[in-house]
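**Q**
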Amino acid sequence: MKELKHLNKYFLKYKTNLLAGVVITVIARIFILFTPRYVKEIFLVIEKRMAGTITEDVFKADLTQAILFIIGASLIGALLTFFMRQAIINVSRYIEFDLKNEIYEQYQKLSLNFYKKNRTGDLMNRISEDVGRVRMYAGPAIMYSINTITLFLIAFIYMFNEAPKLAFYTIIPLPILSLAIYKLSKEIHRRSTIVQEYLSKLSTYTQESFSGISVIKAYGIEHQTSTNFTNLSETSKQKQLSLVKVQAFFFPMMILLIGASNLLVIYIGGMQYINGEIKSLGTIAEFIIYVNMLTWPVATVGWVTSIIQQAEASQKRINEFLQIEPEIRNTTKEHTKITGDIAFNNVSFTYDDTNIKALKNVSFSINHGDTLAIIGKTGSGKSTILDLIGRLYDIDSGSLIINNIEIAKHNLSDLRNQIGYVPQDAFLFSDSIKNNIKFGKENATDEEVINAAKNAQVHKNIKKFNNGYDTVLGERGITLSGGQKQRVSIARAIIKSPEILLFDDCLSAVDTETEEKILKNLAKVSANKTTIIVSHRISSAKNANKIIVLDNGEIAQEGTHDDLINIDGYYKHLYLKQLSETASK
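Quick note: the sequence shown, position 257, residue 257 per UniProt numbering, numbers continuous.
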């Protein structure tokens with residue numbers, strides 16, 4: 001139960017609703033337990049009439065009164081049970097809502113390293129399936145537990161007060177039941193954990209298959225993928241059946257033990273009536289009703305125990321992620337001004353997941369309003385520089401200064417709000433093109449959206465779609481071509497008019513003519529803004545105020561375009577190669 005302690009803060013938050021539910025539960029059980037007592041009264045009235053100790057009129061009056069009390073108590077009990085469910089079950093929905101939000105907020109705080117180590121399907125399973133199982137504990141499990149405890153306490157008080165010896169024999173099966181529940185619960189907990197792990201694997205495989213459906217179709221491996229899914233589903237099914245087999249012991253065992261209690265009541269009660277220890281058959285009838293009223297609560301003990309065990313297994317999985325401390329933290333709540341003066345001083349950085357040293361003692365500076373271009377081979381560390389400026393990672397050594405302040409001392413929200421970032425892999429959401437562009441500025445007007453699209457040279461393409469800017473894109477923007485996705489991403493970055501613009505090889509999928517037009521527009525848009533362009537094309541870098549060439553995480557060359565084409569090195573060789581390729585077209 002220690003894993004479920006995480007929910008205590010939510011129980012305290014909704015304590016008023018829960019307390020109301022508990023009070024209503026107790027009152028409802030009291031009214032419902034009037035039924036066996038008045039059934040006994042009916043037997044007594046009948047016995048008195050048969051003995052001739054009361055008249056016909058008194059008999060009818062007493063019988064009618066008892067029946068009306070039973071009907072009234074049942075109706076009131078049913079009404080209160082409805083309000084009990086409204087109070088407690090609603091709380092479980094509130095907790096489900098809060099817990100999902102807590103997990104989602106934690107997901108957003110965690111660094112990129114976390115997402116490199118964990119699969120999307122597993123993340124989704126924990127926020128859906130696992131939270132759903134925890135909700136069952138926060139609602140039905142608590143409700144039925146309170147209901148069962150209340151019913152047991154009140155019923156046993158009545159029973160022992162009425163016939164102690166008979167009550168004692170009635171509860172004999174319960175210790176056996178408790179021991180069986182203890183043994184089965186441990187096994188359920190173990191198997192529930194395995195089931196949830198396989199559900200995560202299944203969700204992950206499904207998500208990846210659907211996301212990569214175009215690759216699957218292109219390679220013609222649908223059959224192989226389907227076979228893999230079937231095998232994984234079969235394993236998951238077997239794990240589920242393994243859990244169900246253990247759970248299946250509960251209800252038959254409950255019914256057996258309740259039946260044994262009924263037999264004991266009839267036999268022991270009958271013997272006591274014959275021996276004169278019980279004065280009325282109504283007592284035996286009362287006890288039989290008590291036992292049968294306890295049938296469902298006793299049966300739910302197993303079900304509730306199963307729910308608790310599954311919930312604990314799920315909450316443990318949830319806690320694993322909730323307890324992870326974000327690597328990137330906001331160190332100040334005070335707002336800090338970002339204008340775009342950036343300086344790298346002997347910065348080194350190594351990726352934790354691969355242990356690749358991406359940057360080695362890199363030093364350079366860029367003034368506010370200038371443009372820096374970064375050129376280099378694949379894997380030389382170009383994108384890493386942009387990630388460090390956006391503080392998606394923290395540096396290992398050296399210093400990264402923005403506006404004469406260490407980057408870690410800047411307000412993280414202020415820093416990222418002043419950065420317009422176009423990643424290498426243009427990611428678009430399954431939403432309209434307009435909303436994808438407005439992602440950079442939620443309150444942007446239609447005019448601003450169109451201007452941004454025009455500057456990104458994508459306006460004409462958008463207008464050709466049947467629904468124009470209201471065209472809804474497929475997952476990850478699959479509706480658009482690679483070049484169109486890149487240009488929509490550029491529009492999304494420039495619409496927010498940030499102080500720092502970061503372009504990570506975002507023109508690789510467009511032709512040189514369109515690239516030239518975009519670069520001219522960006523020169524206007526980025527005036528008085530710090531701009532860093534990562535590219536493999538000299539045409540994207542040549543107009544920058546400064547160009548650095550990275551090689552294996554180190555700066556190999558640095559200077560302007562005119563400086564670097566006059567020096568023998570990587571930049572000059574790349575320039576001549578691309579110049580000859582352009583001339584040959």
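Beta carbons are placed, not taken as given, at the ideal position from N, Cα and C, and that holds for glycine. Quick caveat: nothing in here was measured; it's all calculated off a predicted structure.
Closest to H410 by C-alpha separation, out of I342, D563 and L232, would be which residue?
**A** Of the candidates I342, D563 and L232, the one whose C-alpha sits nearest the C-alpha of H410 is I342.
**Q** Could you tell me how far apart the beta carbons of T560 and K546 are, in whole angstroms, since I believe they sit closer than 8 Å?
**A** 7 Å
**Q** Output the residue ranges of the beta strand (DSSP E) runs that lie fully inside the region 413-498 and measure 3 residues or longer, sorted by chain position.
**A** Whole beta strand (DSSP E) segments, 3+ residues: 419-422.
**Q** Report, in whole angstroms, the separation of the C-beta atoms of I386 and L550, which I expect to be a contact under 8 Å.
**A** The question names Ile, yet the displayed sequence has Leu at residue 386. In fact, because the Cβ distance is near 12 Å, the residues do not count as touching under 8 Å.
**Q** When we look at the beta-carbon of G340 and count the other beta-carbons within 10 Å, is it buried (16 or more) or exposed?
**A** That one is buried.
**Q** Using DSSP bridges, identify the partner residues of V551.
**A** Here the sequence assigns Asp to residue 551, which means Val is not the residue at that position. DSSP, once it has assigned bridges, lists E554 as partnering D551.
**Q** With H, G and I counted as helix, E and B as strand and the rest as coil, what does DSSP make of K577?
**A** helix
**Q** Since L7 and I95 should fall inside the 8 Å C-beta cutoff, what is the C-beta to C-beta distance between them, to a whole number of angstroms?
**A** Indeed they touch by this definition, with Cβ atoms about 7 Å apart.
**Q** Compare the C-beta of S145 against all C-beta atoms of chain D and say whether one is closer than 8 Å.
**A** Any reference to chain D falls outside this structure, which holds one protein chain only.
**Q** Pull up the CB-CB distance for F349 and S363, whole angstroms please, since I reckon it's below 8 Å.
**A** Going by Cβ atoms, the distance from F349 to S363 rounds to 13 Å, so no, they are not a contact pair.
**Q** What does a CB cutoff of less than 7 Å around K314 pick up in its chain, not counting 5 residues either side in sequence?
**A** Rather than Lys, the amino acid found at residue 314 in this sequence is Ser. Contacts found: D130, R133, V134 and Q196.
**Q** Does residue 586 come out as helix, strand or coil in the three-state DSSP assignment?
**A** Coverage of the chain is limited to positions 1 through 585, which leaves residue 586 absent and any answer about it impossible.
**Q** Using the C-alpha atoms, what's the distance from P140 back to Q484?
**A** A direct Cα-to-Cα measurement between Q484 and P140 gives close to 51 Å.
**Q** With 16 as the cutoff for other CB atoms within 10 Å, does Q224 come out buried or exposed?
**A** Q224 comes out exposed.
**Q** Answer with buried or exposed for G420, where buried requires no fewer than 16 other C-beta atoms within 10 angstroms of its C-beta.
**A** buried
**Q** Going by DSSP, which residues form a beta bridge with F349?
**A** L359
**Q** Going by Cα to Cα distance, which pick from N113, N228, A138 and L110 is closest to R85?
**A** A138
**Q** By the three-class DSSP mapping on this structure, what secondary structure does G369 have?
**A** G369: coil per DSSP, three-state reduction.
**Q** Measuring straight from C-alpha to C-alpha, what distance separates Y575 and K357?
**A** 28 Å
**Q** With distances taken from CA atoms, which of I495, L80, Q310 and V510 is nearest V525?
**A** I495
**Q** As an exercise, report each continuous alpha helix (DSSP H) stretch of at least 4 residues that is fully enclosed by the region 198-279, in chain order.
**A** 213-218, 222-247 and 250-274
**Q** On the three-pair Cβ rule with 8 Å, is the region 160-177 touching the region 193-212?
**A** no
**Q** If I measure Cβ to Cβ from L33 and keep anything under 7 Å in the same chain, skipping five residues before and after, which residues do I get?
**A** I154, A155 and Y158
**Q** Would you give the residue range spanned by the beta strand (DSSP E) that I401 belongs to?
**A** S397 to I402
**Q** For the beta strand (DSSP E) that contains I532, what are its first and last residues?
**A** T530 to V534
**Q** Quick check on D504: does DSSP put it in helix, strand or coil?
**A** strand
**Q** Could you tell me whether the region 432-448 touches the region 358-378, using the rule of 3 or more Cβ pairs below 8 Å?
**A** no
**Q** Could you round the C-beta distance between I188 and Q247 to whole angstroms and report it? I think they count as a contact, below 8 Å.
**A** 7 Å
**Q** Answer with buried or exposed for P252, where buried requires no fewer than 16 other C-beta atoms within 10 angstroms of its C-beta.
**A** Counting Cβ neighbours within 10 Å, P252 comes out exposed, since fewer than 16 surround it.
**Q** Per DSSP, F82 forms a beta bridge with which residues?
**A** Paired residue(s): none; F82 is not in a bridge.
**Q** For A66, which of helix, strand or coil comes out of DSSP?
**A** helix
**Q** Pull up the DSSP beta-bridge partners for A343, would you.
**A** S365 and I401
**Q** Taking 8 Å as the cut-off, decide whether the C-beta atoms of T150 and V304 are in contact.
**A** no
**Q** With a threshold of 8 Å, are at least 3 pairs of Cβ atoms found where one atom belongs to the region 464-480 and the other to the region 502-512?
**A** no
**Q** Have a look at the DSSP bridge pairing and note the partners of G376.
**A** L550
**Q** Between the region 113-122 and the region 288-295, can you find at least three pairs of beta-carbon atoms closer than 8 Å?
**A** no
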